[in-house]
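**Q**
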Amino acid sequence: MIDPMTVLAILAMAGVTYLTRIGGYVVLRNRMLSTRATAVMEAAPGCVLISVIAPDFVSKNPADLAALAITVLAATRLSMLPTVVVGVASAGVLRWLMG
Numbered sequence: 885m886i887d888p889m890t891v892l893a894i895l896a897m898a899g900v901t902y903l904t905r906i907g908g909y910v911v912l913r914n915r916m917l918s919t920r921a922t923a924v925m926e927a928a929p930g931c932v933l934i935s936v937i938a939p940d941f942v943s944k945n946p947a948d949l950a951a952l953a954i955t956v957l958a959a960t961r962l963s964m965l966p967t968v969v970v971g972v973a974s975a976g977v978l979r980w981l982m983g
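The opening residue of the sequence shown carries number 885 in the numbering used here; numbering runs sequentially from there.
(1) Just mark residue 948 as buried or exposed, buried being the case when its beta carbon has 16 or more other beta carbons within 10 Å.
(2) Can you tell me whether residue 905 is helix, strand or coil according to DSSP?
(3) With burial defined as no fewer than 16 other Cβ atoms inside 10 Å of the residue's Cβ, what is the status of residue 960: buried or exposed?
(4) Pick out whichever of 952, 978, 919 has its Cα sitting closest to the Cα of residue 936.
(5) Given a cut-off of 8 Å, decide if residue 970 and residue 962 are closer than it, judged by their beta-carbon atoms.
(6) According to DSSP, simplified to helix, strand and coil, what is residue 961?
(7) Pick helix, strand or coil for residue 897, following the three-state DSSP scheme.
(8) Give the secondary structure of residue 920 by DSSP, where H, G and I count as helix, E and B as strand, and everything else as coil.
(9) Run the CB neighbour count on residue 974, radius 10 Å, all protein chains shown included, and call it buried at 16 or more, exposed below.
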C-alpha cells in the first residue's frame, strides 16, 4: 500500500512545479525580453539537468557512473525530454541490476 504522505508529497511537488512553470508566463506575458535574457531562459533547463546529474560525477557506485555515461551519450544524440527519460531509466535499471 502506498503511504498517503508520499502521495501528498508527490502532489505538492507537482503543484509547486506547475506554479513555477506557469509563473514565468504570467509575470512575463506583456514584456519583451532582451536577447541576453532570452538566451538565459533557454539555457535554464540544461542547467537544471546538469545540477541533478552532477553528483554522479563523484559517485563511487558503478551503476551511477554507467548511467551517467549513458545519459551523456544520449544527450549528444537526443533532445532534452528523451535524454531525461533515458537517464532516469538507465539509472533505475542499472541500480536494480548492479545494486
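Heads up, the beta-carbon is just placed ideally off N, CA and C, and yes, glycines get one too.
**A** In terms of the structure at hand:
(1) buried
(2) helix
(3) exposed
(4) 952
(5) yes
(6) helix
(7) helix
(8) helix
(9) buried
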